[in-house]
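Some notes on the structure that comes next.
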Amino acid sequence: MNLASTSLTASVHQYGVWAMAPAKSADCAYAVVPSVADQSGNTGTFSRVLVAGGTAPAVTITGGATAVADPAAPTIAGTTTAPAGSSVLIRIDGQMLSTQVTNAGTWSVYRNSLNPGSHQLVVSVATATGSTGYAAQTLTVK
Numbered sequence: 001m002n003l004a005s006t007s008l009t010a011s012v013h014q015y016g017v018w019a020m021a022p023a024k025s026a027d028c029a030y031a032v033v034p035s036v037a038d039q040s041g042n043t044g045t046f047s048r049v050l051v052a053g054g055t056a057p058a059v060t061i062t063g064g065a066t067a068v069a070d071p072a073a074p075t076i077a078g079t080t081t082a083p084a085g086s087s088v089l090i091r092i093d094g095q096m097l098s099t100q101v102t103n104a105g106t107w108s109v110y111r112n113s114l115n116p117g118s119h120q121l122v123v124s125v126a127t128a129t130g131s132t133g134y135a136a137q138t139l140t141v142k
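Written as structure tokens, this is what we have:
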């Protein structure tokens with residue numbers, strides 16, 4: 001197999017299964033070109049793009065795992081270690097809101113209104129390499 005211009009070798013096991021664990025690489029996309037040869041020398045090959053995502057970004061929601069909001073239209077905000085411009089998705093009451101990470105590592109969205117009661121928030125932040133971090137909160141609106 002060729003991974004990022006480096007040749008690697010693996011053995012084919014029973015039922016055609018093979019696996020390898022190359023050394024950890026930097027976060028980015030790599031061209032992967034596995035090839036296999038049978039006993040007669042016939043070679044098969046294909047290529048794919050492998051996205052190495054590394055460590056998932058840390059994500060926080062202001063107020064922590066449980067929060068109380070007095071206004072019926074709260075701003076939902078938090079911080080992350082994801083790079084600026086990374087996508088932030090906020091799911092609340094079946095609605096998906098989105099924003100991006102700022103240069104300061106913060107994010108925020110404004111929700112038009114929330115009925116009094118308990119609401120479950122799930123926030124995910126994805127980097128360009130596909131690593132995704134998550135945070136959850138139970139938000140109670142008075």
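Numbering (full-length UniProt numbering), first residue to last: 1 to 142. Just so it is clear, CB atoms sit at the ideal spot from N, CA and C, and this is done for glycine as well. Owing to the predicted nature of the structure, the values given are computational and were not obtained by experimental measurement.
With C-beta atoms as the reference, is residue i less than 9 Å away from residue j?
i: Ile76; j: Val101; result: no
i: Thr138; j: Leu114; result: no
i: His119; j: Ile92; result: yes
i: Thr140; j: Val36; result: no
i: Thr55; j: Ser86; result: no
i: Gly133; j: Thr62; result: no
Which residue from the options puts its Cα closest to that of residue i?
i: Ala65; options: Thr140, Ala136 and Lys142; result: Ala136
i: Thr60; options: Gly78, Gly133, Gln39 and Gly105; result: Gly78
i: residue 164; options: Pro83, Lys142, Gly63 and Asn112; result: Nothing can be reported for residue 164: it is not among the residues displayed for the chain, which extend from 1 to 142.
i: Gln95; options: Asn112, Lys142 and Thr43; result: Asn112
i: Pro116; options: Thr9, Asp70, Val123 and Gly44; result: Asp70
i: Thr129; options: Asn42, Leu8 and Pro57; result: Pro57
Pick helix, strand or coil for residue i, following the three-state DSSP scheme.
i: Gln100; result: strand
i: Thr45; result: strand
i: Ala56; result: coil
i: Ala84; result: coil
Any idea if residue i is buried or exposed, counting beta-carbon neighbours within 10 angstroms, 16 or more meaning buried?
i: Pro74; result: buried
i: Val12; result: exposed
Going by DSSP, what residues sit across from residue i in a beta bridge?
i: Leu121; result: Ile92 and Gln137
i: Val109; result: Ile76
i: Ser35; result: Thr45
i: Thr132; result: Ala126
i: Thr9; result: Paired residue(s): none; Thr9 is not in a bridge.
i: Ala67; result: Leu139
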